[in-house]
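Chemist: Just so you know, the protein sequences line up as chains A and B, in that order.
Following our numbering, the numbering of the first sequence begins with 15 at its first residue and continues without gaps.
Following our numbering, the numbering of the second sequence begins with 10 at its first residue and continues without gaps.
Yeah, the Cβ is synthetic: ideal placement off N, Cα and C, and Gly gets one too.
First, the structure itself, so that you have it in front of you.
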Amino acid sequence: MKNFNLPAFGAGAGLRHAHFQDIIEKRPAFRWFEIINEDFMNFGGHVRECFEEIRKHYRIIGHGVCMSIGSTDPLDMEYLKNLKNFLDSINSPWTSDHLCFTMVDHTNLNDLIPLPFTREAAQNVIERVKIVQDYLERPFLLENVTRYVTVSDREMNESEFINTVLDEADCGLLLDVTNAYLNSQFHGNDALEFIRSLPLERVGQMHLAGWETHEDGSFIDSHDAPVPEPVWSLFRQVLELTGPSSVIVEWDNLLPPVARLLEEATQANTVMDSVFKTQKAA
Amino acid sequence: MALAAVLSAMRSIILDAPALPSDENARRNFYREQFPGLSECEAIDLAKMQPERLTIYTRSIFSGEAGILKNYFRMTVAAIERAYQRQGRLLKLRDFVQAMHKVFPWKTKTTEGLVESFERFLAHPASELGDQRELIRELAAFERQVFFARRLPLNEYEPGQGLRIDELRTRTVGDLLTLHWKLPTTTALGAFHWDIPSAQAAYKQSGNLPEMIDEREVRIIFSRDHENYVHWTQVPESVRLYLSSVERKDDSLGSLAEAFVTSCPTHSDEAKMFSDFLKLVETLLATGAIVLPR
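This is the structure in structure tokens:
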């Protein structure tokens, strides 16, 4: 199995409201867009109208932020029903969300909070992912999150946790290369070694993003800057391991003009083309 | 379930943000005391997390929520800033939202849930709005209705899909008054004691809230037209009451006309009353507030 048996669409970008008019008017050459499901589910009005216009001309794939797959609150079946209806309506060939929790005790934390790397937490995710995949009737990918903290690595480390979940839930991995890099900086490990330890045949999609660096050198995973050189370098090495994939450049804050975003996506495609041309030549 | 205790403790540590001891052993003891559901091992695990790293989550979460609210409640936030200034204080919206969480945490996945918490907090003494509370609550109610009118999906009745204004003009009076009206999901009604529409117009032009907002009884119908523009149209109180009543006798334009007439001065010219009523119907159609299904 390669690329979790999903098509490799090359590099695209995250679709944001502020770019709608430019995209509709100028039709820039993005290969595809990723949308945040919750930004468009249950929405009407101008936002939905623009989204439908863009959808006529571009492939759109949904990515979620609210599933809270790792929570101990019951799965939100109303949310899943609305999500399935939405994904069916846009023909999204797969969807994804984060390996974390965002709600617990029926309280929204509005952030991607890491899970303890325990057997119990893994089993909880596995059971919930099986339900979600069955219900959504499409491949489901889990994304590795940035972790400012390690909640618990007493029973297993992050790699073992991810491997256990993906294998026993039989789901895919949305490999966020930037998150893996940032975690290596926060926690003092080697990003490429970490990525090598993951079941790379299950990588169905990737993310790349930039971040905010503070004066003291600390980082915040803010998605508000271009992809920096260490991540491009890591991305190239990852491609040599995974083969072609579908990749999204995420730039969610301090948004650049559409043309600048297209430059980033184009650079990702150029990297991919050069890796696979090199591999072919070899 | 041990996992539930760990996640619940994480929630509390991040959102309630208690002052954490700097010493790891002291933190372990603190967690055992605060979260009795944790095992010794779990308390040890959590204590290893550096407080400054946990603060990253706290700041990010409440900054994010503050950003959402500032985006949808611009006038309201400006009024809260002013209310705080009048008390000799500076509003830090992130801190305001964190205080809001203590009383009305965000309990749903949707932005609507956050909006609801915000409005409830504005009515609560902990928001410390002083004598500006009622005005601020009305500004929030106005902006909330605009927010929903902009976002809501339509269900059965879609503005622009029923009879058009030019089709009404060819009908006889009798025919017209038998037509039935429906409210799309994007239509809502509001009653205000301050002239919020004028304040909104001034804010849009200058980027600043007017120094004084007149106290004036204003009744508004919020709606979204078929081109997705949001409108707020002033209507007489009798019309607002009629449209929002679930006990009205029927949904005909004739009933709406009866409600409209009660708002007209006595001894009004009948022809003028009817002309004014037709103008109201045309406005309600043009703004998407009502639909006249075929």
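Going along chain B in order, which residues have a C-beta closer than 7 angstroms to the C-beta of A:S198?
Modeler: Result: empty, since nearest Cβ-Cβ is about 16 angstroms, beyond 7 angstroms.
Chemist: Report the residue from B:K57, B:S207, B:L192 and B:D25 whose alpha carbon sits nearest the alpha carbon of B:N38.
Modeler: Comparing Cα-Cα distances from B:N38 to each of B:K57, B:S207, B:L192 and B:D25, the minimum goes to B:K57.
Chemist: Kindly indicate which three-state DSSP category A:T192 falls into: helix, strand or coil?
Modeler: Here A:T192 sits in helix by DSSP.
Chemist: List, in chain order, every chain A residue whose beta-carbon is nearer than 9 angstroms to that of B:I65.
Modeler: Correct list: Y162, V163, S232 and I234.
Chemist: Output the distance between the C-alpha atoms of A:V146 and A:L206, rounded to the nearest integer angstrom.
Modeler: For A:V146 and A:L206, the distance between alpha carbons rounds to 30 angstroms.
Chemist: Tell me, please, which residues DSSP counts as bridged to A:N122.
Modeler: Answer by DSSP bridge pairing, in chain order: A:M117.
Chemist: Buried or exposed: where does B:R8 fall if 16 or more other Cβ atoms within 10 Å of its Cβ makes it buried?
Modeler: Examination of residue 8 of chain B is not possible in this model, given that chain B is present from 10 through 303 alone.
Chemist: 9 angstroms is my cut-off, CB to CB: does A:A135 come that close to chain B?
Modeler: Answer yes: the Cβ-Cβ gap between A:A135 and chain B drops below 9 angstroms somewhere.
Chemist: Name the chain A residues whose beta carbon is nearer than 7 angstroms to that of B:R62?
Modeler: Near B:R62 (Cβ distances below 7 angstroms), the residues of chain A are Y162 and V163.
Chemist: Measure the Cβ-Cβ separation of B:L293 and B:L188 and say whether it is below 9 angstroms.
Modeler: Result no, Cβ atoms of B:L293 and B:L188 do not sit closer than 9 angstroms.
Chemist: Which whole-angstrom value describes the C-beta separation of A:I83 and A:V139, a residue pair presumed to lie in contact below a C-beta threshold of 8 angstroms?
Modeler: The pair is a contact, with the Cβ atoms about 6 angstroms apart (cut-off 8 angstroms).
Chemist: Please report how far the alpha carbon of A:A239 lies from the alpha carbon of B:D32, in whole angstroms.
Modeler: Going from the Cα of A:A239 to the Cα of B:D32 covers about 36 angstroms.
Chemist: Beta-carbon separation of B:P162 and B:D234 under 9 angstroms?
Modeler: Contact: no.
Chemist: Kindly indicate the opening and closing residues of the alpha helix (DSSP H) around B:V239.
Modeler: Unbroken run through B:V239 is the beta strand (DSSP E), V239 to Q243; no alpha helix (DSSP H).
Chemist: By the 8 angstroms beta-carbon criterion, what residues does the stretch 102-118 of chain B contribute toward chain A?
Modeler: So the close ones are P114, W115, K116, T117 and K118.
Chemist: Is A:P130 close to chain B, meaning its C-beta is less than 9 angstroms from at least one C-beta of that chain?
Modeler: A:P130 counts as touching chain B.
Chemist: B:P162 versus chain A: which residues are under 9 angstroms apart at the beta carbon?
Modeler: Near B:P162 (Cβ distances below 9 angstroms), the residues of chain A are N56, F57, G58, G59 and R62.
Chemist: Does the distance from the C-beta atom of B:L12 to that of A:T132 stay below 9 angstroms?
Modeler: In this structure, A:T132 lies closer than 9 angstroms to B:L12 by Cβ.
Chemist: Starting from B:L73, find everything on chain A with Cβ-Cβ shorter than 9 angstroms and list it in chain order.
Modeler: Residue identity differs from the one stated: residue 73 of chain B is Gly in this sequence, not Leu. Here the neighbours are N124 and D125.
Chemist: Quick one: give me the first and last residue of the alpha helix (DSSP H) that B:S232 is part of.
Modeler: First-last for B:S232: E224 to R233, but that is the beta strand (DSSP E), not the alpha helix (DSSP H).
Chemist: Applying the criterion that 16 or more other CB atoms from any shown protein chain within 10 Å of the CB defines a buried residue, is A:S288 buried or exposed?
Modeler: Per the 10 Å Cβ criterion, exposed.
Chemist: What would DSSP say about B:R142, mapped onto helix, strand or coil?
Modeler: If DSSP states are grouped into helix, strand and coil, B:R142 belongs with the helices.
Chemist: Between the C-alpha atoms of A:A282 and A:S260, what's the straight-line distance to the nearest angstrom?
Modeler: Computed Cα separation, rounded: 10 angstroms.
Chemist: Do A:M117 and A:D87 count as a contact pair if the criterion is CB distance below 9 angstroms?
Modeler: A contact, by the Cβ cut-off of 9 angstroms.
Chemist: If I measure Cβ to Cβ from A:D36 and keep anything under 7 angstroms in the same chain, skipping five residues before and after, which residues do I get?
Modeler: The residues are V272.
Chemist: Short of 6 angstroms in beta carbon distance, which residues of its chain neighbour B:Y19, apart from the five on each side in sequence? Order them along the chain.
Modeler: At residue 19 of chain B the sequence reads Met, which differs from the Tyr that was named. So no residue of the chain qualifies.
Chemist: For A:H33, which of helix, strand or coil comes out of DSSP?
Modeler: Three-state DSSP puts A:H33 in a helix.
Chemist: Here's the rule: buried if 16 or more other CB atoms are within 10 angstroms of the residue's CB, otherwise exposed. What is B:G97?
Modeler: Under this definition B:G97 is an exposed residue.
Chemist: List, from N- to C-terminal side, the alpha helix (DSSP H) runs of 4 residues or more that fit wholly inside the stretch 143-213 of chain B.
Modeler: Entirely contained in the stretch 143-213 of chain B, the alpha helix (DSSP H) runs reaching 4 residues are, in chain order, 174-177 and 182-186.
Chemist: Compare the C-beta of B:C273 against all C-beta atoms of chain A and say whether one is closer than 9 angstroms.
Modeler: For B:C273, the answer is no, since every Cβ of chain A falls outside 9 angstroms of its Cβ.
Chemist: Find the nearest neighbour of B:A197 within the set B:F157, B:L78 and B:I23, judged by alpha-carbon distance.
Modeler: Of the listed residues, the one whose Cα sits closest to B:A197 is B:F157.
Chemist: Tell me, please, which residues DSSP counts as bridged to A:V217.
Modeler: Bridge partners of A:V217: A:L187.
Chemist: Which chain A residues are close to B:A11, counting only those with a beta carbon under 7 angstroms from its beta carbon?
Modeler: The contacting residues are E134.
Chemist: I'd like the ranges of any beta strand (DSSP E) spanning at least 3 consecutive residues and lying wholly in the stretch 85-173 of chain A.
Modeler: Runs of the beta strand (DSSP E) inside the stretch 85-173 of chain A: 109-112, 115-118, 121-127 and 154-157.
Chemist: Take A:L196 and list the residues in its own chain whose beta-carbon comes closer than 8 angstroms to its own, dropping the five residues that flank it on each side.
Modeler: Cβ within range, chain order: T160, W225, F233 and D235.
Chemist: When DSSP labels each residue in this structure, what does A:W47 get in the three-state scheme?
Modeler: Checking the sequence, you will find Phe at residue 47 of chain A rather than Trp. Strand at A:F47.
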